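Sequences listed follow chains A and B, in order. Each step along the first sequence adds one to the number in our numbering, with nothing skipped, and position 460 is 454. For our numbering, add 1 to where a residue sits in the second sequence, where the first one is 1.
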Amino acid sequence: MKDQKEVILFWLAASKSFDKKLLATRTGIHRKKKTYLKHPYFCLLGEPEPIPLSQVTTHKRPPLPIPTQSPLLSPSHLLPHSPVTAEHNGSQRRSFPSPACRHRWLLCLVPAPSVSAESACLCFLAVLSSVSASLAVAVVDGASALLAPSLLAGGLPLQPQPVAVFLLLLLQCGMATTRTRVSSFSHNVSSLKSSQHPGLKNGPNGTTFVSSGISDLDKILGGGFSLGSLVMIMEDAEAPHHMLLLRNFMSQGLLHRQPLLYASPSKDPRAFLGTLPSPGSSKDDTSHKPSHEKDLRIAWQYKKYFGEPQLNINTNNGGHHDYCNDLDLRKPLERHFFTSNNVDCVSIQNSPNLDALKDRCAEFLAQFSRNEGSISSAGRIAIQSFCSPQCKYSDMEWHMLSFIRSLKGMARSSNVVVVVTFPPSLLSPSCSKRLQHMADTLLSVRAIPDEDKELAKLLTGYQDMVGLLNVHKVARLNTQVPVILDATTFSIKLQKRRFLVFECLNQAPVDGSGGSSYGNSGVCSTSTKAGPLDF
Amino acid sequence: MAESVCRSLRDGALEGELAPALTIKDSLSSPFGFNVFSHILVQLSSHIVAGKSQSRGMVIVSLSRSPSSYTGLLKMNEVDVESSKKWIHILDCYTDPLGWKDKTRKSGDIMDPSNQILSSYKTVKDVNKLFSVICDLGRGLVGENKSRFCVAIDSLSELLRHSSMQSVASLLSNLRSHDQISSIFGLLHSDLHEERALAAVEYTSSIVASVDPFHHSVDGQGSYIRNSSEPNLTKGKLNVRSKRRNGRVRVTCEEFKVGPSGISFAPVSAVDGAAVAGLIPKVQFNLQLSEKELVDRSRVVLPFEHQGNGKPIQIYDGRRSLEESNNETTPISGGKKEESGRGEIIYFRDSDDEMPDSDEDPDDDLDI
């Protein structure tokens, strides 16, 4: 099919530094920064001057077979079962380097590390490869995702719908927008502007953190929740600990004047705002953190000659200027924080599907779209009990999955953190696995049995524990180096019944008198049965 | 413990919290769910009549048994049925749940004799209407003020059969969050439903009591053979998981025995099976200090730390103490010893440019 229009599919995903005028110049792509190449799964296909694949780093997949005779990597190499015929292969190769060819296509694929995204991309490739006139243009960019179908409809002889669907899926595969950097190995964020907002903190690789409201959780996650990430918390059907996490998250956002969108399956979500915690009073702080001694206590015989050491001045000058406040769960947040316009509550109980929620989220996220400049403000979205059984859509699993997928894609290009809690036991195993894979940061809370003598013998501080927190995945945007924590299970404690603390699990001193306890602790390394504490 | 379950249902809901909801789960291998249900019903009724419970009335939604069986049950257990119109109301969804009799009735209205504690309900499929009818009945019983009533749903399985899981779950959660409802309990047959429906009902309820066969064996095949050879028709185990307010789960187990007079509960006789298994592989030793330990640590006086505590620092350096040498303007050139009167070594320095402390015993400086 000879279509005169030359249409280029191009994905402005990997680097915001890609100029729109690249589209005009065919060879311009090489002059731009090759940061996108460092992204995994990046394949540049159908290019006038090919970029050798050796520059591409793949992380999880085995290395793609590089055809030696032709620099073009045809999509058939990627597809395990693509029905591409030989002549079709040949026609693509023929069409590749000649500048006179009208059927040029350029495909940049940057899928996110999630299983279903890959399959979507592969399907898209299958579609493209089976089309002889392989023409597709989409300027696929987070904010202007809607351009794609309209452009496509004009350009392609195909039905726009399936390809548009694939394109939409592609663009929702998560676009890591990086800041302009000289090389990909710069670990220090050199263009460090000390953030003008106390609620934001610069993180590695050009990301920005917001606090989760719990200082221990911030420490575990390496700074907080990254802006643009999707945090999913798996609930336990028997314990309401996810509400504690959500409360702290929402309250911290309100304290930093970050707008909040809250959705819950109850009839009156606004009522939940009354239970948000407030920062603890400052006189509690000094007793709360006694271990922050700056200097070691050294017994030095000549210390007396050097006068008195300076007293550490406590720089904790009031709750509102801290990155993370100590939130007192017993003290409700002052009303003026959430009666202002920056809190929006949605009830998802009666809506037959998630489209209304998606629209609300889209308009919320549109206020915070990311651009090259500094971050003016950040927002937070909290969705509680996303698939609880009283919602009418709770058996429409693919609908829920696609909602989360689109939410993740919209969030990735904006300065918002999205926290979603869901009970995995109420979903089919495949759906819950998919949701878990979609998360950037995955946490789960679990209940512990009450008055369990075995547990009390095994762990210190069992009396104060209310539950367990597992950290399954920590978001790392713009990098492929994963975070490996040395401990992934933490106990949730309420210090003085007010402050939420996460602590590492500590073994109780082994009782020397009872001979059987050693036998029990010998089971430590070989967990034969999957008990409630199976990590 | 069945007693604690009854007690928590009796105490009901606190202000601003969801009402406790009990789900009794049984299965074919031990089909005593209704016995447990009726036991709890009777207990709660007696509490209501005696005025000991938070709820002042009870609404029974009877789907799987006829309403007269409930009145018979109450009479048998000597609960005061005479005054029953004041505190109990039975919603009859048993005789004609889908309204077929109305459709097939051609002429004449054979109305049931108006029974004051009975009202019939014809559209089980409409769960919203069921909710509103329950609320109206309950309000009719206890009045518009703050008093509460409790709801007993005879068979959630029947309800799940007629309508979808979402609507039943929303009914339960709406009931729980209703201001005037103090507690809910319902019966469910676990082998009639899918996993997800069971999980959804368990999710929305706060106490789950599962009626299990007496010998709970690990091997599935073995249990079938064993059960068929010695069917235990009278005994069983009641495993209760109740969600406490602080987030912990209380797990209790009890044996029960069903007899002609009813059901009786007894604590578990023998410790059966393993308790907590799967111990933690990566438990660390506690390297943190508790607050008391920190305070104690800060109180320990280290060797040199009591210097300058008010007393002048006594350093025996053979010449003078530091304060005295500071007071002087001229530097100490020669060695001079204090007279003390006892046998001492008198030492005169050889030269002035010797390092002052080089020939001293360095340990003289110690001020431990």
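Cβ atoms here follow ideal geometry from the backbone N, Cα and C, with glycine treated the same way. Note that the coordinates shown come from a computational prediction; the quantities given were computed from them, not determined experimentally.
query = Any beta-carbon of chain B closer than 8 Å to the one on A:K187?
reply = Counted from its first residue, the first sequence places residue 187 of chain A at position 193. For A:K187, the predicted structure reports a pLDDT of 45, less than 50, and the residue's modelled location is therefore unreliable. A value from the coordinates is still provided. Chain B, which has no Cβ nearer than 8 Å to the Cβ of A:K187, makes this no.
query = If you count every other CB in all the chains shown that lies within 10 Å of the CB of B:K244, and 16 or more means buried, which is it?
reply = For the purposes of this step, residue 244 of chain B is taken as the residue at position 243 of the second sequence. Buried, since its Cβ has 16 or more Cβ neighbours within 10 Å.
key: First and last residue of the uninterrupted beta strand (DSSP E) at A:P271   = Taking the first sequence and counting its residues from 1, the one referred to as residue 271 of chain A is at position 277. From DSSP, the beta strand (DSSP E) with A:P271 extends over 271 to 273.
key: Residue of B:D127, B:L160, B:R66, B:R57 minimising C-alpha distance to B:G144   = Here residue 144 of chain B refers to the residue found at position 143 of the second sequence. Closest by alpha carbon: B:R57.
Which listed residue (A:L321, A:E391, A:A257) has its alpha carbon closest to that of A:S379 = In the first sequence, the residue the question calls residue 379 of chain A occupies position 385. Measuring from the Cα of A:S379, the nearest candidate turns out to be A:A257.
query = How about B:I49 and B:V37: are their beta carbons less than 8 Å apart?
reply = Walking along the second sequence from the start, residue 49 of chain B turns up at place 48. Walking along the second sequence from the start, residue 37 of chain B turns up at place 36. Result no, Cβ atoms of B:I49 and B:V37 do not sit closer than 8 Å.
ask   = Can the beta-carbon of B:V128 be found less than 8 Å from the beta-carbon of B:L92?
value = Indexing the second sequence from 1 puts residue 128 of chain B at position 127. Indexing the second sequence from 1 puts residue 92 of chain B at position 91. Not closer than 8 Å, so no.
inquiry  = I need the straight-line Cα distance from B:T235 to B:Q55, nearest angstrom please.
reply    = Locating residue 235 of chain B in the second sequence gives position 234, where the first residue counts as 1. Locating residue 55 of chain B in the second sequence gives position 54, where the first residue counts as 1. Near 33 Å, if we compare the C-alpha coordinates of B:Q55 and B:T235.
ask   = Of all the CB atoms in chain B, is at least one closer than 8 Å to the CB of A:E391?
value = For this step, residue 391 of chain A is matched to residue 397 along the first sequence. Judged by the 8 Å Cβ criterion, A:E391 is not in contact with chain B.
message = Which residue marks the beginning of the beta strand (DSSP E) containing A:F300, and which one marks its end?
response = Here residue 300 of chain A refers to the residue found at position 306 of the first sequence. First-last for A:F300: undefined, no H or E at that position.
ask   = Name the residues in the region 230 to 253 of chain B whose C-beta lies less than 8 Å from a C-beta of chain A; which are they?
value = R242, K244, R245, N247, G248, R249, V250, R251, V252
ask   = Does DSSP put A:P326 in a helix, a strand or coil?
value = Along the first sequence, one-based indexing puts residue 326 of chain A at 332. A:P326 falls in the strand class under three-state DSSP.
ask   = Who pairs with B:D3 in a beta bridge, going by DSSP?
value = Within the second sequence, residue 3 of chain B is the residue found at index 2, counting from 1. In the sequence under discussion, the amino acid at residue 3 of chain B is Ala, which differs from the Asp named in the question. For B:A3, which the question treats as bridged, DSSP gives no partner whatsoever.
inquiry  = Does the structure place the region 489 to 503 of chain A close enough to the region 419 to 433 of chain A that three or more beta carbon pairs sit under 8 Å?
reply    = no
request  = Look at the alpha carbon of A:D212 and the alpha carbon of A:S424, and state the distance between them as a whole number of angstroms.
outcome  = Along the first sequence, one-based indexing puts residue 212 of chain A at 218. Along the first sequence, one-based indexing puts residue 424 of chain A at 430. So the two alpha carbons sit approximately 30 Å from each other.
task = Answer with buried or exposed for A:I60, where buried requires no fewer than 16 other C-beta atoms within 10 angstroms of its C-beta.
result = Taking the first sequence and counting its residues from 1, the one referred to as residue 60 of chain A is at position 66. Caution is warranted here: a pLDDT of 47 is assigned to A:I60, below 50, making its placement in the model unreliable, and no coordinate value can be reported.
request  = Please check if any C-beta of chain A sits within less than 8 Å of the C-beta of B:E159.
outcome  = Taking the first residue of the second sequence as position 1, residue 159 of chain B is located at position 158. It does not; no Cβ of chain A falls within 8 Å.
key: chain B residues whose Cβ lies nearer than 8 Å to that of A:G461   = For the purposes of this step, residue 461 of chain A is identified with residue 467 of the first sequence, where counting begins at 1. Chain B residues near A:G461: G248, R249.
ask   = Mind checking B:R8: buried by the 16 CB within 10 Å criterion, or exposed?
value = By 1-based counting over the second sequence, the position of residue 8 of chain B is 7. Label assigned to B:R8: exposed.
request  = Report the residue ranges of all beta strand (DSSP E) runs contained in full by the region 66 to 103 of chain B; include only those spanning at least 3 residues, in chain order.
outcome  = 89 to 93
ask   = Can a CB atom of chain B be found closer than 8 Å to the CB of A:L270?
value = Against the first sequence, residue 270 of chain A aligns to sequence position 276. Not one chain B Cβ lies under 8 Å of A:L270.
inquiry  = Using only the alpha-carbon positions, how far apart do A:F484 and B:P98 sit?
reply    = On the first sequence, position 490 is the one that residue 484 of chain A refers to. On the second sequence, position 97 is the one that residue 98 of chain B refers to. The straight-line gap from Cα to Cα measures roughly 51 Å.
query = Taking only beta-carbon atoms, is A:C385 less than 8 Å away from chain B?
reply = Translated into positions along the first sequence, residue 385 of chain A becomes position 391. At least one chain B Cβ lies under 8 Å of A:C385.
Environment of B:V374 [buried if 16+ CB atoms lie within 10 Å] = With chain B running from 2 to 369 in the structure shown, residue 374 of chain B is simply not present.
request  = Determine the contact status of B:S31 and B:G237, defining contact as a CB-CB distance below 8 Å.
outcome  = If you number the second sequence from 1, residue 31 of chain B lands on position 30. If you number the second sequence from 1, residue 237 of chain B lands on position 236. Contact flag set, yes.
inquiry  = Quick test of your reading: A:I486 and A:V460, contact by CB under 8 Å. State the CB separation rounded to the nearest angstrom.
reply    = Taking the first sequence and counting its residues from 1, one reaches residue 486 of chain A at position 492. Taking the first sequence and counting its residues from 1, one reaches residue 460 of chain A at position 466. Yes, A:I486 and A:V460 are in contact; Cβ-Cβ is about 5 Å, under 8 Å.
inquiry  = How far does the alpha helix (DSSP H) with B:Y204 in it extend, from its first residue to its last?
reply    = Walking along the second sequence from the start, residue 204 of chain B turns up at place 203. Run containing B:Y204: 196 to 205, per the alpha helix (DSSP H) assignment.
query = Leaving out five residues before and five after A:P259 in sequence, what residues of the same chain have Cβ atoms less than 8 Å from its Cβ?
reply = Counted from its first residue, the first sequence places residue 259 of chain A at position 265. Excluding sequence neighbours, A:P259 sits near S341, I342, Q343, Q378, S379, S382, Q384, C385.
task = For A:G373, name the three-state secondary structure that DSSP assigns.
result = Walking along the first sequence from the start, residue 373 of chain A turns up at place 379. A:G373: strand per DSSP, three-state reduction.
ask   = Which residues of chain B have a Cβ atom closer than 9 Å to the Cβ of A:V429, listed in chain order?
value = For the purposes of this step, residue 429 of chain A is taken as residue 435 along the first sequence, with counting starting at 1. A small correction: the amino acid at residue 429 of chain A is Leu; Val does not occupy that position in the sequence shown. Here the premise fails: no neighbours, minimum Cβ distance about 15 Å.
ask   = First and last residue of the alpha helix (DSSP H) that includes B:D137?
value = Position 136 of the second sequence, counted from the first residue, corresponds to residue 137 of chain B. First-last of the alpha helix (DSSP H) with B:D137: 128 to 143.
Through-space distance from B:I208 to A:G274, alpha-carbon basis = As a working mapping, residue 274 of chain A is identified with position 280 in the first sequence. As a working mapping, residue 208 of chain B is identified with position 207 in the second sequence. For A:G274 and B:I208, the distance between alpha carbons rounds to 34 Å.
Where A:A356 falls: helix, strand or coil (DSSP) = As a position in the first sequence, residue 356 of chain A is number 362, starting the count at 1. Three-state DSSP puts A:A356 in a helix.
message = Please report whether the beta-carbon of B:S322 lies at a distance below 8 Å from any beta-carbon of chain A.
response = The sequence position of residue 322 of chain B within the second sequence is 321, counting from 1. In this predicted model, B:S322 has a pLDDT of only 45, less than 50, meaning its place in the structure is not dependable enough to derive any value.
task = Could you tell me the distance, in whole angstroms, from the CA atom of B:S69 to the CA atom of B:W88?
result = For this step, residue 69 of chain B is matched to residue 68 along the second sequence. For this step, residue 88 of chain B is matched to residue 87 along the second sequence. Their backbone Cα atoms lie some 16 Å apart in a straight line.
message = Looking at chain A, is there any beta carbon in it that lies within less than 8 Å of the beta carbon of B:Q167?
response = By 1-based counting over the second sequence, the position of residue 167 of chain B is 166. Cβ-Cβ to chain A under 8 Å: yes for B:Q167.
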